[in-house]
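Here is the structure we will look at, set down as structure tokens.
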Amino acid sequence: MTQASSATSRTVRIHAHGGPEQLVLDTVDVGQPGPGEIRIRHHAIGLNFIDVYQRTGLYPNAMPLALGMEGAGVIEAVGDGVSHLKAGDRAAYAANPPGSYCDVRVMPAMNVCKLPDGIDFETGAAMMLKGLTAQYLLKRCRPVEGLVAGDFVLFHAAAGGVGLIACQWAKALGLQLIGTAGSDEKCALAKAHGAAHTINYRTEDFAARVKDITGGKGVKVVYDSVGKDTFDKSLDCLMPFGLMVSFGNASGPVAPFAPGLLGPKGSLYVTRQTLFTHITSRERTQEMADDLFEVVQSGAVKIRIDQRFPLTDVKTAHESLEARKTTGCTVLLP
Ligand SMILES: NC(=O)c1ccc[n+]([C@@H]2O[C@H](COP(=O)([O-])OP(=O)(O)OC[C@H]3O[C@@H](n4cnc5c(N)ncnc54)[C@H](OP(=O)(O)O)[C@@H]3O)[C@@H](O)[C@H]2O)c1
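Numbering (UniProt numbering), first residue to last: 1 to 334.
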């Protein structure tokens, strides 16, 4: 192991599930990395909607819970068996277990990637969880009849963190992404980032608009992270053999449904995806990260950071995200 002295860290934790008022800044001891672990000092931390699910208890965890699954900074020490990183390296990650809302932490090395020189820490912290998600959604989660340039797909919450990355990446792949968003301003933002069409789903019937836009045919894939409010109608947007990708619950979890209804709607496929199934090995994580680094460094995908909060103001950051006041990515600064 490379040596570095032990330290304490300001760490945002919850001691009970609940609202943003549960977020408290504790001081915790940070030890040395064990086998397969690294110690990283953060320069920026990514905010994600999953942090809200973990805080509320929709995704329950043992208490106390240090929150946060995305960050970027400098490696301070590496444990035995870690060969892809060394002390002094710039690095970024999306990873379990949670705990990135802090100055410094010890964590498993597997999902931590060296950050290319051309990518700054804030961008690294903003893009790993959201960008790897866009990567697997567009490239590793395919409809049975394939996905080729020119195909229509529907992407909900297109002006959000994952959404703006997906708009740009889909355009680079030649897909016609129809993006939904909760205001005309957000729709304009999604369009400026590559959405071929946009729908304000607070004022318009998105299923009817999708039928209009696609000449009655529907889309090959729906990417739905909104959940409760959009799931049922999203099934009506799909063409036969289309793929419904449920990957989030911003409006609440999807209600149980009868698979029998998928037949008459066109022999549809439904999947519930999570990034953490895709990044269970070092090799796969690096392969997906390299793909992300390439589109970011080429300029095909720009990581838009629209909100920056000091780590000490994490409550406001959570309130803004839940109140649909944010666009693009949000970072916390230690
Ligand atoms: N399964 C996975 O692998 C995975 C990985 C990453 C993210 N996700 C999911 O992807 C989604 C996007 O994540 P993100 O971190 O980039 O967040 P985000 O998109 O920046 O924020 C969530 C957006 O959801 C929309 N929304 C619709 N109804 C909402 C409601 N009732 N309350 C709050 N928001 C609502 C809002 O946009 P409008 O105002 O435009 O509707 C809001 O801005 C989240 O659901 C997240 O859980 C899943």
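Don't be surprised by glycine CBs; every beta carbon is placed ideally from N, CA and C.
Alpha-carbon spacing of alanine 158 relative to tyrosine 93, whole angstroms: As a first step, residue 158 must be located in the sequence shown, where it is residue number 158. As a first step, residue 93 must be located in the sequence shown, where it is residue number 93. Cα to Cα, alanine 158 sits roughly 23 Å from tyrosine 93.
Please state whether the Cβ-Cβ distance between glycine 161 and lysine 186 is less than 7 Å. Along the sequence shown, read from residue 1 onward, the residue named residue 161 stands at position 161. Along the sequence shown, read from residue 1 onward, the residue named residue 186 stands at position 186. It is not a contact, given that the beta carbons lie outside the stated cut-off.
Assigned secondary structure, aspartate 151 (DSSP; H/G/I helix, E/B strand, else coil): For the purposes of this step, residue 151 is identified with residue 151 of the sequence shown, where counting begins at 1. Aspartate 151: coil per DSSP, three-state reduction.
C-beta atoms of phenylalanine 152 and valine 219 nearer than 7 Å: The residue labelled residue 152 in the question sits at position 152 within the sequence shown. The residue labelled residue 219 in the question sits at position 219 within the sequence shown. It is a contact, given that the beta carbons lie within the stated cut-off.
Rounding to the nearest angstrom, what Cα-Cα distance links valine 12 and valine 296 in this structure? The count along the sequence shown starts at 1 and reaches residue 12 at position 12. The count along the sequence shown starts at 1 and reaches residue 296 at position 296. Roughly 29 Å separates the two Cα atoms.
Any chance the CB of valine 162 is under 6 Å from a heavy atom of ligand 1? Here the question's residue 162 lines up with position 162 in the sequence shown. Yes.
Considering only DSSP beta bridges, list what cysteine 113 is partnered with. As a working note, residue 113 is residue 113 in the sequence shown. Ala92.
Is it the case that the region 74-91 contacts the region 50-60, given that we only count it when at least three CB pairs across the two stretches are under 8 Å? no
Proximity to isoleucine 305 [Cα-Cα], best of Gly216, Leu333, Asp212, Arg284: Here residue 305 is taken as the residue at index 305 of the sequence shown, counted from 1. Of Gly216, Leu333, Asp212, Arg284, the residue nearest in Cα terms is Leu333.
Nearest neighbour of cysteine 237, chosen from Gly215, Met127, Gly88, Thr133 [CA to CA]: Looking up residue 237 in the sequence shown gives position 237. The option with the nearest alpha carbon to cysteine 237 is Gly215.
Is alanine 207 buried or exposed, if buried means 16 or more other CB atoms sit within 10 Å of its CB? One-based indexing of the sequence shown puts residue 207 at position 207. Its Cβ being crowded by 16 or more others within 10 Å, alanine 207 is buried.
Taking DSSP's pairing of strands, which residues face glutamine 176 in a bridge? Position 176 of the sequence shown, counted from the start, is the residue given in the question as residue 176. Paired residue(s): Phe152.
Quick one: what's got a C-beta closer than 6 Å to glycine 319's C-beta in the same chain, skipping five residues either side? To locate residue 319, count along the sequence shown from 1; it is residue 319. The residue asked about is misnamed: residue 319 is glutamate in this sequence, not glycine. Correct list, in chain order: Pro20.
So for asparagine 61, helix, strand or coil by DSSP? Residue 61 sits at position 61 when you count from the first residue of the sequence shown. Asparagine 61: coil per DSSP, three-state reduction.
Can you give the beta carbon distance from alanine 166 to alanine 134, rounded, assuming they're within the 8 Å contact cut? The residue given as residue 166 occupies position 166 in the sequence shown. The residue given as residue 134 occupies position 134 in the sequence shown. At roughly 4 Å, the Cβ-Cβ gap stays under 8 Å, so alanine 166 and alanine 134 are in contact.
Provide the residue(s) that pair with glutamate 37 in DSSP beta bridges, ordered along the chain. For the purposes of this step, residue 37 is taken as residue 37 along the sequence shown, with counting starting at 1. Glutamate 37 is bridged to Pro108.
Using CA coordinates, which residue listed in Arg142, Ala172, Met244, Ile45 is at the minimum distance from glutamate 294? Residue mapping note: residue 294 aligns to position 294 of the sequence shown, counting from 1. Checked all of Arg142, Ala172, Met244, Ile45; the closest Cα to glutamate 294 is Ala172.
Would you decide whether aspartate 51 is buried or exposed? Buried here means 16 or more other CB atoms lie within 10 Å of its CB. What you label residue 51 is simply residue 51 of the sequence shown in a count that begins at 1. Buried, by the Cβ-count rule.
Go ahead and pull the three-state DSSP assignment for proline 20. Here residue 20 refers to the residue found at position 20 of the sequence shown. Three-state DSSP puts proline 20 in a helix.
Rounding to the nearest angstrom, what Cα-Cα distance links isoleucine 38 and aspartate 120 in this structure? Numbered from its first residue, the sequence shown carries residue 38 at position 38. Numbered from its first residue, the sequence shown carries residue 120 at position 120. When rounded, the distance between both Cα atoms is 20 Å.
Between glutamine 176 and the rest of its own chain, which residues show a CB-CB distance below 6 Å, the 5 nearest in sequence each way excluded? As a first step, residue 176 is located in the sequence shown; it is residue number 176 there, counting from the start. Excluding positions up to five away in sequence, the list reads Phe152, Ala196.
Does any heavy atom of ligand 1 sit closer than 6 Å to the C-beta of lysine 130? Translated into the one-based positions of the sequence shown, residue 130 becomes position 130. Yes, Cβ of lysine 130 sits closer than 6 Å to a heavy atom of ligand 1.
Enclosing alpha helix (DSSP H) for alanine 126 [first to last residue]: Your numbering for residue 126 matches position 126 in the sequence shown. Alanine 126 -> alpha helix (DSSP H) spans 121-139.
Cβ neighbour criterion (16 or more within 10 Å) applied to phenylalanine 150: Reading the sequence shown from its first residue, position 150 is the one you call residue 150. Note that residue 150 corresponds to glycine in the displayed sequence, not to phenylalanine. Looking at its Cβ environment, which holds fewer than 16 other Cβ atoms inside 10 Å, glycine 150 is exposed.
Quick one, are the C-beta atoms of threonine 330 and alanine 317 less than 7 Å apart? Here the question's residue 330 lines up with position 330 in the sequence shown. Here the question's residue 317 lines up with position 317 in the sequence shown. Yes, these two residues count as a Cβ contact at 7 Å.
With DSSP as the reference, please indicate the residues paired to phenylalanine 309 in a beta bridge. The count along the sequence shown starts at 1 and reaches residue 309 at position 309. In DSSP, phenylalanine 309 forms a bridge with Leu332.
Along the chain, where does the alpha helix (DSSP H) that runs through serine 320 open and close? Indexing the sequence shown from 1 puts residue 320 at position 320. 314-322 is the span of the alpha helix (DSSP H), which, as asked, contains serine 320.
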